[in-house]
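Written below as structure tokens is the structure these notes are about.
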Amino acid sequence: MEKLIELEYNRLYNENAKNLTDFMFSTRDTHATEYFTALKNLLEQLYTKPLPKTLETYARYSYKTIESMLRQLRQSNIAVGQTDKSKLFSLIDAQEYKEKIRKII
């Protein structure tokens, strides 16, 4: 867990330090060091605090849904299509998808 926190902190530190130096600010002044210390503390809190039960359940459900979609996509002749005027996606046979597009056009 510590390694993950350190990797995330280094990534955020590098991005923020680059932005500060691009705008001619020092990364060593008191405001910057306080900010980076607060950032590290926040990351430690977020990574060590357990997830609420409902959020954990939703995350597990989403993960299983994505894994199921990936398994189906690995099959041949499968295409991902967006349903009519919706944000939802559907898995459809590639041949059927081509015919549906031809009908629309």
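With this note's numbering applied, the sequence shown corresponds to residues 1111 to 1215, in that order.
We put the CB at the ideal spot given by N, CA and C, even for glycine.
{"Item": "I1202 - DSSP class collapsed to helix/strand/coil", "Value": "strand"}
{"Item": "Q1182, enclosing alpha helix (DSSP H) - first and last residue", "Value": "K1163 to L1183"}
{"Item": "For L1117 and M1111, the rounded distance between their alpha carbons", "Value": "10 Å"}
{"Item": "Between the CA atoms of Q1182 and K1159 - distance to the nearest angstrom", "Value": "35 Å"}
{"Item": "Closest residue to D1203 among I1215, K1213 and V1190 (Cα-Cα distance)", "Value": "V1190"}
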